[in-house]
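Protein chains in written order, with the working numbering: chain A, 105 to 444; chain B, 105 to 444; chain C, 105 to 444; chain D, 105 to 444.
Heads up, the beta-carbon is just placed ideally off N, CA and C, and yes, glycines get one too.
Read the structure below first, then the notes.
Protein chains: 4
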Amino acid sequence: MGKRHALNFLERTPRAELVAASSPDLAELEWAKTHLAPFGVKLYQNYDDMLKQEGLEAVVIASATSVHAEQAIKGMEAEKHVLCEKPLSTSVEISQSVIDVAAKKPHLKVMCGFSRRFDASYRDAEQKMKAGSIGVPSVLRSQTCDKLDPTGFFVAYAQFSGGIFVDCSIHDIDLTLWFFGADSKVKSVSAVGNTAVEPDLRKHNDRDNAVGLVEFHDGRIAYFYASRMMAAGQEDTTEIIGTRGKLTVNSQPAINHVHIYDDTGVRREIPQHYYDRFEYAFVTEANEFTAACLDNTPLPLDLESAVKAVRIGSALQESLITGKKMFFDLQGNRTEVAHL
Amino acid sequence: MGKRHALNFLERTPRAELVAASSPDLAELEWAKTHLAPFGVKLYQNYDDMLKQEGLEAVVIASATSVHAEQAIKGMEAEKHVLCEKPLSTSVEISQSVIDVAAKKPHLKVMCGFSRRFDASYRDAEQKMKAGSIGVPSVLRSQTCDKLDPTGFFVAYAQFSGGIFVDCSIHDIDLTLWFFGADSKVKSVSAVGNTAVEPDLRKHNDRDNAVGLVEFHDGRIAYFYASRMMAAGQEDTTEIIGTRGKLTVNSQPAINHVHIYDDTGVRREIPQHYYDRFEYAFVTEANEFTAACLDNTPLPLDLESAVKAVRIGSALQESLITGKKMFFDLQGNRTEVAHL
Amino acid sequence: MGKRHALNFLERTPRAELVAASSPDLAELEWAKTHLAPFGVKLYQNYDDMLKQEGLEAVVIASATSVHAEQAIKGMEAEKHVLCEKPLSTSVEISQSVIDVAAKKPHLKVMCGFSRRFDASYRDAEQKMKAGSIGVPSVLRSQTCDKLDPTGFFVAYAQFSGGIFVDCSIHDIDLTLWFFGADSKVKSVSAVGNTAVEPDLRKHNDRDNAVGLVEFHDGRIAYFYASRMMAAGQEDTTEIIGTRGKLTVNSQPAINHVHIYDDTGVRREIPQHYYDRFEYAFVTEANEFTAACLDNTPLPLDLESAVKAVRIGSALQESLITGKKMFFDLQGNRTEVAHL
Amino acid sequence: MGKRHALNFLERTPRAELVAASSPDLAELEWAKTHLAPFGVKLYQNYDDMLKQEGLEAVVIASATSVHAEQAIKGMEAEKHVLCEKPLSTSVEISQSVIDVAAKKPHLKVMCGFSRRFDASYRDAEQKMKAGSIGVPSVLRSQTCDKLDPTGFFVAYAQFSGGIFVDCSIHDIDLTLWFFGADSKVKSVSAVGNTAVEPDLRKHNDRDNAVGLVEFHDGRIAYFYASRMMAAGQEDTTEIIGTRGKLTVNSQPAINHVHIYDDTGVRREIPQHYYDRFEYAFVTEANEFTAACLDNTPLPLDLESAVKAVRIGSALQESLITGKKMFFDLQGNRTEVAHL
């Protein structure tokens, strides 16, 4: 993602200038020498050094999740605007620490990049919902399902990912907060999962399929499915069900406008990876973040919401592992009993 | 088709009683001994003998096209109602002779079975069009495309079929007369074709792909595609384009509600044969024909329209073979020049 | 449904003869006088009287759910085969009592009619799954969603329905037992719901939207959504996710093959009611039940599975109302703690 | 289109620099003052003056069709690479004159921009065809159908457009040459049309619906539909039918991934204008043209093909107006009789 962000800011964000890039990884730096340096981009092995680069006004953080928060805070302390890949951290507390610093720097633009907020289809759905086309949105179903990676890479990855709900469903949770309102108060969460293809995930307290249920105090319901074993490709689908209609996003996945008719039937191909599906959302994100920094206009999503998403994702992951349903009061404190 | 009609009238047409069946073909009679005779159906090798069967009130003709007209006429002369498979004949003159006899027997119900007229989707489209949902229907595209039969059976079949426009597109032509009105007057026809898989079709003056263009004197246009080489299955698709909207029938063919997601993409299967797609239309046809006979109510389509369809199909076939565009005046006479 | 079953057995089940019908409801009897009596069907106001009708070999029970079990048992005691509408009862114990009687009458065919088992699309999906096309089925999502009935009829109905999971999701639970195996052992259930359109449902301990999560001891997961407020029509959708592929049934609902293009976009209509979608499944059910009775062949689904479905549905309903997650051991006994 | 090209070269073509823009239209120049001048783009009212601008290496011509050829030739004479909007001219002779000049300047990159050649879906289809997935491509159907513009603007526009086949179907013709091969030799063309919404088109020898049939000497067939009265939006659809399969592009038009379920059914919106559908194709075109100029690599489509497309479009338009079928020998000369 770092490479993609770099190229997007270099080539597809007219109002931004890419002045520097850093990575502790030598292979990545080698790539940058070929793809970025010829266009005047200064390269650094050390993030801290890069922060001292003259003319640097904003940083885009796409490093390992474990250093997201630290780098975001350092960026703010160096008076840079910050666009940080999701999640801020797999830890609620560390995520909150980013907010705390940001709160003291209201002149800086600090955003956690939930790419679906910038996707044309999700935006269209949200506008239609806002315009009342489905009445009161009451139930939301959303899934983030990755194509099976037969190398089993995701087992090693699970050690640091925070678990499937924090890593994958975080997008669906963010969408829920967008469609139901950032102030929606969780009443309960419950989750189950299995390891249909990779039993080794259990040693990292993770699963390859998980279903989670979130109930809000106002009665709304969201339910999520995350999987790492889709055969056809990436399947990120959402439906928002209201009292007078329903909106779906990507209920019929397709990579493009081609259909193939052959002796197996009628077929279309679908995106293989997250980026296949959301490429233009990332470009829009880069451009809108740039505009907000340059024009000092509001960001399209606020940082608190990103922490709230981590909070819900972590609770779902805990429920997944303990097998227990968890209850929360209106203040967000955990309680032992269901609120009826 | 004879077997299917027999079973439909035996089992799926509550108001009809199947009393007799005939076929000159011994294998078919053998089949009938197992499937029809046990339910009291009398069997005949000879159609003329069957006509004398006591209690017989109506005949369904699904024999070789070459004897359709003769059997229909004999049926009428024996005072039976007649449901005859399309086409009445590949010859316009012979088709007309059926009408001439029928005209003298107005108390008999005589229908040429264009199954799509009984299909729920086509009926829905026609009702929506009649209700004004697309404004004035102005252009119609329709295709009848069979799955490739690798045995090449259709080459031998072409000898008697009347050609691809009379055999396949006749349905599309009939739909045109239904949607544009039975009194639509042809102004010109032109057609081209090729033999992409079976060059031997040329010796029977036929093609395996053909495209035809029909222009009406009121300005409406219909264009047709017929093929015998579809890889995925039967693809019979129609669109009716009006000044305020468009209706399509079967623009997304599917045999059922199943989708298969695997490493080739997202796939659905489609009907393999005509009967897979139109099974229930044939059942409806049997029931409605029965009701018209018993209740002496009007038939849903008139016989003249069936002859008109053969007339247009034959003209298209001639244009296909000669390569010439053909022109007609308002009286239906062929002329040498275009009417502008 | 009684009327539909009667007509299906009268007109669309060639091997069955409809000899009698009963209803305590005078309006229904009036209808039967017009539609059934003319074809020789004897009418009764009293079910018990009908059981004495000479020649009666099998009964189809489509009465109020509260008398299903009683009538089924009486039928068996009168030595009749029994086809009973789902559910046998909203009570697990009463459902079990039907099984107990049936166990003593192994010569009788006794079936609880889960119509989706007879639907061509579900059957196709099941055969593809059995043939290995999706690897090991691991997660199942299924929903039964009714079109909103603005009369609010379903509020009064909820008093006797057993609740939304027993009334609607029972189909999805039955499908789960079909696709995952009838011997699948439930490990936990949890459910949430809301009353988005009809708060009055709460007085009958019901909801108009509900999501349920079922975990099996072998690790498989099923999750269900039931709703009574769909705007477009009936939406009964299922997906079965395996380790090498996925099958969906009705992920793109459509009533027929027509698409309408107008200034609002491209549109298709969908079934408005359950019967619109499953009409032919009911006809198949009638024919297959008849064949099993006449030929003494096995029924396509067994009665125990029907009781098991009620058991799971009741547990989900209890979880919905109490807000608590419920746990079960391998013997099906409720336990207080999660089994990890 | 001029504005769009200018912005695409300014903002979305990293290797290009927009140095100048010209328009004789004062309103356009006003727009350019706001949108281009601030980024250092020099503005001209006169194309000839602009050609003298220092540093100018290539021109993009998106002026009125009537001056395309003249400006392209002037550009080449000034030693500029040229990207010219389609068509070069509505006249075959004038189009040819551009080729003649280009032939003398082989060091210049001269391309007529057929945007669909740069569309990801068309490219995917073409690659699949090339890879043999459909056997031998034998029949091509393609349509360019615009949303009805109720202002009737297109009547005035018809005066200069060259007619609906040259203006709209030119894209479909170009696709045919791409999929069937640029050296395909036309054997016959025939066309019909009507004026369903705008009878006034007749005074400019044009129609609002037209269907054309093109037969090639090798037996392949292409048929085209063009319309200016689509209710739902832009519908540009293509299918390529081969001996072992079929590829469709845009058989299910959709503007994005959203479906709307409401009491009218299930609906999606579709592109309203050409640019909605092909926006990214234009960006790709800009980038690839730039790369070819800078790297002196071959252009993705050659100029001769563009003239051939005009030639076929003009013949179809003539056939549309005269009502006559036209025949051509292998050398492309018109003949009076059909070649069988």
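Handout entry: Beta-carbon proximity list for Lys350/C, same chain, < 8 Å, skipping 5 on both sides
Key = These residues qualify, in order along the chain: Ile238, Glu343, Ile344.
Problem - Beta carbon proximity, Gly417/B to chain A, threshold 9 Å - result: No, Gly417/B lies away from the interface with chain A (no Cβ there is under 9 Å from its Cβ).
Handout entry: Neighbour list for Met333/B in chain D, Cβ cutoff strictly below 7 Å
Key = The answer, in chain order, is Thr347.
Exercise for the section: With DSSP collapsed to three states, give me the class of Met105/A. Expected result: Coil at Met105/A, not helix or strand.
Exercise for the section: Look up Arg119/B in the DSSP assignment and give the residues it is bridged to. Expected result: Partner(s): none; Arg119/B has no beta bridge.
Handout entry: For Lys146/B, three-class secondary structure by DSSP
Key = In the structure shown, Lys146/B sits in a strand (DSSP, three-state: E or B).
Practice task
May I have the straight-line CA-CA distance separating Leu114/C from Val296/A, to the nearest angstrom?
Solution key: Looking at the backbone, the Cα of Leu114/C and that of Val296/A are separated by about 48 Å.
Handout entry: Residue-chain proximity (Arg371/D, chain C), Cβ-Cβ < 9 Å
Key = With respect to chain C, the C-beta atom of Arg371/D has a partner C-beta closer than 9 Å.
Handout entry: Neighbouring residues, chain A, relative to Ala358/C (Cβ below 7 Å)
Key = Taking the beta carbon of Ala358/C as reference, no residue of chain A falls within 7 Å; the closest one sits roughly 12 Å away.
Handout entry: Cβ of Thr368/A within 9 Å of any chain B Cβ
Key = Chain B, which has a Cβ nearer than 9 Å to the Cβ of Thr368/A, makes this yes.
Handout entry: Same chain, Cβ closer than 7 Å to Thr299/C, neighbours up to 5 away in sequence not counted
Key = Leu305, Arg306, Arg311, Asp312.
Problem - Listed by chain order, chain D residues near Gly362/A by CB distance under 8 Å - result: For the record, residue 362/A in the displayed sequence is Val; it is not Gly. In chain order, Ser225, Asp228, Ala229, Lys232, Leu351, Thr352, Val353 make up the part of chain D whose C-beta sits under 8 Å from the C-beta of Val362/A.
Practice task
Going by DSSP, name the residue or residues bridged to Gln247/B.
Solution key: Beta-bridge partners assigned by DSSP to Gln247/B: Tyr329/B, Thr341/B.
Problem - Beta-carbon proximity list for Arg348/D, same chain, < 7 Å, skipping 5 on both sides - result: Taken in chain order, the residues that qualify are Ile238, Gly239.
Handout entry: Residue-level contact to chain A via CB, Ala300/B, 9 Å cutoff
Key = Cβ-Cβ to chain A under 9 Å: no for Ala300/B.
Exercise for the section: Tell me, please, whether the CB atom of Ala336/A is closer than 9 Å to any CB atom in chain C? Expected result: Closer than 9 Å: yes.
Exercise for the section: Verify whether the separation of the beta carbon atoms of Val337/D and Asp380/D is less than 9 Å. Expected result: Looking at the sequence provided, one finds Gly at residue 337/D rather than Val. Yes, they are a contact pair.
Exercise for the section: Within the same chain, show all residues whose beta-carbon is closer than 6 Å to that of Leu317/C, passing over the 5 residues directly before and after it, in chain order. Expected result: Non-local beta-carbon contacts of Leu317/C in its own chain, meaning distances under 6 Å to residues more than five positions away in sequence, involve Ser294, Tyr327 in chain order.
Problem - Cα-Cα separation, Arg415/B to Ser273/D - result: Roughly 31 Å separates the two Cα atoms.
Problem - Residue-level contact to chain D via CB, Glu115/A, 9 Å cutoff - result: Yes, Glu115/A counts as interfacial toward chain D.
Handout entry: Residues that Met430/D bridges to, as DSSP identifies them
Key = Met430/D pairs with Val293/D.
Problem - Pro241/A in three-state terms, based on DSSP - result: Looking at Pro241/A - three-state DSSP - the assignment turns out to be strand.
Handout entry: alpha helix (DSSP H) segment containing Lys232/B, residue limits
Key = In this chain, the alpha helix (DSSP H) harbouring Lys232/B covers 224–234.
Practice task
Please list the residues of the stretch 313–330 of chain A that have a C-beta atom closer than 8 Å to any C-beta atom in chain C, keeping them in chain order.
Solution key: Residues are counted here when their Cβ sits less than 8 Å from a Cβ of chain C; for the stretch 313–330 of chain A these are Asn313, Val315, Leu317, Glu319, Gly323, Arg324, Ile325, Tyr327, Tyr329, given in chain order.
Practice task
Going by DSSP, name the residue or residues bridged to Val362/D.
Solution key: Bridge partners of Val362/D: Val353/A.
Handout entry: Buried/exposed call for Arg220/B, threshold 16 Cβ in 10 Å
Key = Buried, since its Cβ has 16 or more Cβ neighbours within 10 Å.
Problem - chain C contacts made by the stretch 112–137 of chain B, where a contact means CB separation under 8 Å - result: Taking 8 Å as the Cβ-Cβ cut-off against chain C, the residues of the stretch 112–137 of chain B that qualify are Leu114, Glu115, Arg116, Pro118.
Problem - Closer than 9 Å at the beta carbon, the chain A residues around Tyr365/D - result: Identification of chain A residues near Tyr365/D by a Cβ-Cβ cut-off of 9 Å yields Ile238, Glu343, Ile345, Gly349, Lys350, Leu351, Thr352, ordered along the chain.
Handout entry: Same chain, Cβ closer than 7 Å to Glu373/B, neighbours up to 5 away in sequence not counted
Key = Exclusion of the five residues before and after Glu373/B leaves Ile359 as the residues of its chain whose Cβ lies within less than 7 Å of its Cβ.
Handout entry: Stretch pair the stretch 200–217 of chain B + the stretch 165–185 of chain B: three plus CB contacts closer than 8 Å
Key = Flag = yes, the stretch 200–217 of chain B and the stretch 165–185 of chain B touch.
Handout entry: Outcome for Asn150/C when other beta-carbon atoms lying within 10 angstroms are tallied against a minimum of 16
Key = Burial is judged here by how many other beta carbons sit within 10 angstroms of a residue's own beta carbon; Asn150/C has fewer than 16 and is exposed.
Exercise for the section: Please confirm if Glu339/B has its CB atom under 9 Å from at least one CB of chain A. Expected result: Interface criterion met: the Cβ of Glu339/B is under 9 Å from a Cβ in chain A.
Practice task
Work out the CA separation of Leu147/B and Ala136/B for me, nearest whole Å.
Solution key: Rounded to the nearest angstrom, the two C-alpha atoms are 7 Å apart.
Exercise for the section: Please name the residue or residues paired with Ser126/C in a DSSP beta bridge. Expected result: The partner list for Ser126/C (beta bridge, DSSP) reads Tyr148/C.
Problem - Assigned exposure category for Val441/C - 16 Cβ within 10 Å defines buried - result: Counting Cβ neighbours within 10 Å, Val441/C comes out exposed, since fewer than 16 surround it.
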